[in-house]
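*Asks:* Chains as they are written, first to last, in full-length UniProt numbering: chain A, 1 to 255; chain B, 1 to 255.
Pasting a structure here, questions to come.
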């Protein structure tokens, strides 16, 4: 079953090969392999054993993603650093990006609301009971990273909006005001394209890719207190984590 | 700090309100709340305490995401069921979607290659050592869900491509051929837009949103054996999981 190995270039269509090259380059860019300037087309063609046309196609894909910039005579540069957000532990953005710079929040709303029934149900509120709504545009340095819509249960939310929302994670505020330590969160992560208004707000191209995170966070005692809808710029955030293979389904899980 | 609660409608721009409504509706659609037909504009306007114009804007956002279809006289319908892929445990697509239908793989490539150096490094292969490359378009029923590019270490890959790749998860094949039980995987999850060729292959609109999963899977002994680049259609897959709040940073982690 092991014929002579064939370089990637041999079979397959050029678009397929470009995708293969782009995926590996993307990973190298995120890992900081290229610092600023990418290798030349010629060097990349040799490294991947593909034609220069295929390299050009691969670079065009990464350019369309906003990951690199290309200019005649100047060459190919990394356009934007991406930041890792953890899928292993429940952390706020400021905690996550500690060491990368200051996270600053532009507070677009912070007020009591009567939440939609579907939100009330998730937060175990009675119909008509108020919640607190907070909307923040979150920056790292000068560039927006995410637009966060947050619904808090009223006892906690009323105290949270009395605090400094511009420089603090809501998670930290909930724990500070004695809401008790957070316990866990349920996440749903989707890819969507940015509508015109979200794109304008996040200072990104309309139609660009967003990671949409819906997160319901609970206190240690299991009470849901915080429901969020977070739009992260696809060109600025990568979610990272690790997974364990579960035991055989016929086994009982012992841990 | 607790003024009279105000319905969502009161302050804020219409585009902001439409986003708020769309986010909650999206969650309800995924949860199967609407079965097929959505409530009327009038009912939704009452439920969310917003104007019908805002409801229309919210529905337009969801239509652009491919989630709903709208037609005069017919009303608003759920266009496409989304499926959950787990972020809690390391499972193949077929295992994950057990109960939802048959996963079928169109095998676009399955052959030895000399992998790019960056791939070889991740799989702990010597430069120039062959790997096995597999490319699959994965269907649930008639619709493509994902396009998967897989690099396997040669000892395992040679045996995997001798098996039935059309109906089996690669994870299951690795374990069947005695590569040993899988242990864990490192994940990176990004949102990107679909280029023309990927979109055509996945039968989705060009520029639509993709979840791009890079996954390096290791055997129980820690040896990396399987590096994958998986493009999942954003309108068909949601990644779901839960996270635990880590202990205080000043504490030692005891588990």
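We put the CB at the ideal spot given by N, CA and C, even for glycine.
Tell me the residue span of the beta strand (DSSP E) that contains residue 226 of chain B.
*Replies:* Counted from its first residue, the second chain places residue 226 of chain B at position 226. Here the beta strand (DSSP E) through residue 226 of chain B covers 224–233.
*Asks:* Going by DSSP, what residue range makes up the beta strand (DSSP E) through residue 84 of chain B?
*Replies:* For the purposes of this step, residue 84 of chain B is taken as residue 84 along the second chain, with counting starting at 1. Where residue 84 of chain B is concerned, the enclosing beta strand (DSSP E) stretches over 83–86.
*Asks:* Taking only three categories from DSSP, how would you classify residue 214 of chain A?
*Replies:* Here residue 214 of chain A is taken as the residue at index 214 of the first chain, counted from 1. In the structure shown, residue 214 of chain A sits in a strand (DSSP, three-state: E or B).
*Asks:* Can you pull the chain B residues whose beta carbon is under 8 angstroms from the beta carbon of residue 79 of chain A, in chain order?
*Replies:* Along the first chain, one-based indexing puts residue 79 of chain A at 79. Those within 8 angstroms of residue 79 of chain A in chain B number zero; the least Cβ separation is about 14 angstroms.
*Asks:* Could you pull out every residue in the same chain whose Cβ sits closer than 8 angstroms to the Cβ of residue 24 of chain B, ignoring the five residues on either side in sequence?
*Replies:* The residue you call residue 24 of chain B lines up with position 24 of the second chain. Here the set comprises 48.
*Asks:* Which residues, in chain order, does the stretch 211–243 of chain B contribute to contact with chain A at a C-beta distance below 7 angstroms?
*Replies:* 211, 214, 229, 234, 238, 239, 240, 241, 242, 243
*Asks:* Would you please verify whether the beta carbon of residue 100 of chain A is less than 9 angstroms from any beta carbon of chain B?
*Replies:* If you number the first chain from 1, residue 100 of chain A lands on position 100. False, the Cβ-Cβ gap to chain B never drops below 9 angstroms.
*Asks:* Specify, as a first and last residue, the run of the alpha helix (DSSP H) that residue 117 of chain B falls within.
*Replies:* Working through the second chain from its first residue, we reach residue 117 of chain B at position 117. Element bounds for residue 117 of chain B: 117–122.
*Asks:* Would you check if the stretch 112–121 of chain A and the stretch 130–145 of chain A touch, i.e. whether three or more CB-CB distances between them fall below 8 angstroms?
*Replies:* yes
*Asks:* Who are the near neighbours of residue 239 of chain A in its chain, counting only those whose CB is closer than 7 angstroms to its CB and skipping five residues on each side?
*Replies:* By one-based count along the first chain, residue 239 of chain A stands at place 239. Cβ neighbours of residue 239 of chain A beyond the five flanking positions: 85, 87, 189, 211.
*Asks:* Could you tell me which of B:123, B:102, B:27, B:195 sits nearest to residue 78 of chain B, measuring between CA atoms?
*Replies:* By 1-based counting over the second chain, the position of residue 78 of chain B is 78. Here the closest residue by C-alpha is B:27.
*Asks:* For the structure I just gave you, are there three or more beta carbon pairs, one from the stretch 150–163 of chain A and one from the stretch 215–229 of chain A, closer than 8 angstroms?
*Replies:* Yes, since at least three Cβ pairs between the stretch 150–163 of chain A and the stretch 215–229 of chain A fall closer than 8 angstroms, the two stretches touch.
*Asks:* Pull the bridge partners of residue 126 of chain B from the DSSP assignment, please.
*Replies:* Indexing the second chain from 1 puts residue 126 of chain B at position 126. Residue 126 of chain B pairs with nothing; no bridge assigned.
*Asks:* With DSSP as the reference, label residue 150 of chain B as helix, strand or coil.
*Replies:* Position 150 of the second chain, counting from 1, holds the residue named residue 150 of chain B. Here residue 150 of chain B sits in strand by DSSP.
*Asks:* Counting only the same chain and skipping the five closest in sequence on each side, list residues whose C-beta sits under 6 angstroms from that of residue 14 of chain A.
*Replies:* Reading the first chain from its first residue, position 14 is the one you call residue 14 of chain A. Sequence-distant partners of residue 14 of chain A (beyond 5 residues in either direction) whose C-beta falls short of 6 angstroms from its own C-beta, in its chain, are 54.
*Asks:* Consult DSSP for residue 186 of chain A and reduce its assignment to one of helix, strand or coil.
*Replies:* For the purposes of this step, residue 186 of chain A is taken as the residue at position 186 of the first chain. Residue 186 of chain A falls in the strand class under three-state DSSP.
*Asks:* Tell me whether residue 77 of chain B sits in a helix, a strand or coil according to DSSP, three-state version.
*Replies:* The residue labelled residue 77 of chain B in the question sits at position 77 within the second chain. Strand, per DSSP.
*Asks:* Using a Cβ cut-off of 7 angstroms, which residues of the stretch 184–195 of chain B contact any Cβ in chain A, in chain order?
*Replies:* Hits within the stretch, in order: 184, 185, 186, 187, 188, 189, 190, 191, 192, 193, 195.
*Asks:* Just the chain A side, please: which residues come within less than 7 angstroms of residue 118 of chain B by C-beta, in chain order?
*Replies:* By one-based count along the second chain, residue 118 of chain B stands at place 118. Neighbours of residue 118 of chain B on chain A, chain order: 24, 27, 28.
*Asks:* Can you pull the DSSP bridge partners for residue 192 of chain B?
*Replies:* Counting from one through the second chain, the residue named residue 192 of chain B turns up at place 192. Residue 192 of chain B is bridged by DSSP to B:210.
*Asks:* Would residue 185 of chain B pass as a contact of residue 243 of chain A if the rule is Cβ separation under 9 angstroms?
*Replies:* Translated into the one-based positions of the second chain, residue 185 of chain B becomes position 185. Translated into the one-based positions of the first chain, residue 243 of chain A becomes position 243. It is a contact, given that the beta carbons lie within the stated cut-off.
*Asks:* Tell me the residue span of the alpha helix (DSSP H) that contains residue 18 of chain B.
*Replies:* Residue 18 of chain B sits at position 18 when you count from the first residue of the second chain. Counting along the chain, the alpha helix (DSSP H) containing residue 18 of chain B begins and ends at 14–30.
*Asks:* Cα separation between residue 41 of chain B and residue 59 of chain B?
*Replies:* Position 41 of the second chain holds residue 41 of chain B. Position 59 of the second chain holds residue 59 of chain B. About 9 angstroms.
*Asks:* Which residue's Cα is closest to the Cα of residue 220 of chain B: A:241, A:93, A:246, A:20?
*Replies:* Counting from one through the second chain, the residue named residue 220 of chain B turns up at place 220. Per the Cα distances, A:246.
*Asks:* Taking the alpha helix (DSSP H) that residue 67 of chain B falls in, what are its first and last residues?
*Replies:* For the purposes of this step, residue 67 of chain B is identified with residue 67 of the second chain, where counting begins at 1. No alpha helix (DSSP H) contains residue 67 of chain B, which DSSP labels as neither H nor E.
*Asks:* Using the C-alpha atoms, what's the distance from residue 154 of chain A back to residue 217 of chain B?
*Replies:* Translated into positions along the second chain, residue 217 of chain B becomes position 217. Translated into positions along the first chain, residue 154 of chain A becomes position 154. Spanning the two alpha carbons is a distance of roughly 43 angstroms.
*Asks:* Looking only at C-alpha atoms, which of B:182, B:187, B:203, B:208 sits nearest to residue 192 of chain A?
*Replies:* For this step, residue 192 of chain A is matched to residue 192 along the first chain. Answer by Cα proximity: B:208.
*Asks:* For residue 139 of chain B, I'd like the list of residues in its chain whose CB is within less than 6 angstroms of its CB, leaving aside the five on either flank, ordered along the chain.
*Replies:* Start at 1 with the first residue of the second chain, and residue 139 of chain B comes out as number 139. Answer for residue 139 of chain B: 104, listed in chain order.
*Asks:* List, in order along the chain, the chain A residues whose C-beta lies closer than 9 angstroms to that of residue 34 of chain B?
*Replies:* By 1-based counting over the second chain, the position of residue 34 of chain B is 34. The premise fails here: residue 34 of chain B is roughly 11 angstroms from chain A at the closest Cβ pair, so nothing lies under 9 angstroms.
*Asks:* Per DSSP, which residues does residue 238 of chain A bridge with? Please list them.
*Replies:* As a position in the first chain, residue 238 of chain A is number 238, starting the count at 1. The partner list for residue 238 of chain A (beta bridge, DSSP) reads A:84.
*Asks:* At which residues does the beta strand (DSSP E) containing residue 93 of chain A begin and terminate?
*Replies:* Here residue 93 of chain A is taken as the residue at index 93 of the first chain, counted from 1. It is not in any beta strand (DSSP E) - residue 93 of chain A instead sits in the alpha helix (DSSP H) that spans 93–96.
*Asks:* Would you tell me roughly how many angstroms separate the C-alpha atoms of residue 73 of chain A and residue 126 of chain B, rounded to the nearest one?
*Replies:* Within the first chain, residue 73 of chain A is the residue found at index 73, counting from 1. Within the second chain, residue 126 of chain B is the residue found at index 126, counting from 1. When rounded, the distance between both Cα atoms is 35 angstroms.
*Asks:* Whole angstroms is fine: what's the gap from residue 33 of chain B's alpha carbon to residue 156 of chain B's?
*Replies:* Counting from one through the second chain, the residue named residue 33 of chain B turns up at place 33. Counting from one through the second chain, the residue named residue 156 of chain B turns up at place 156. C-alpha separation (whole angstroms): 44 angstroms.
*Asks:* My output table needs one value for residue 89 of chain A: the three-state DSSP class, helix, strand or coil.
*Replies:* Sequence index remark: in the first chain, residue 89 of chain A carries index 89 (1-based). Residue 89 of chain A falls in the coil class under three-state DSSP.
*Asks:* Can you tell me where the beta strand (DSSP E) with residue 114 of chain A in it begins and where it stops?
*Replies:* Position 114 of the first chain, counted from the start, is the residue given in the question as residue 114 of chain A. Here the beta strand (DSSP E) through residue 114 of chain A covers 103–114.
*Asks:* From the beta carbon of residue 114 of chain B, is the nearest beta carbon of chain A less than 9 angstroms away?
*Replies:* Working through the second chain from its first residue, we reach residue 114 of chain B at position 114. Judged by the 9 angstroms Cβ criterion, residue 114 of chain B is in contact with chain A.
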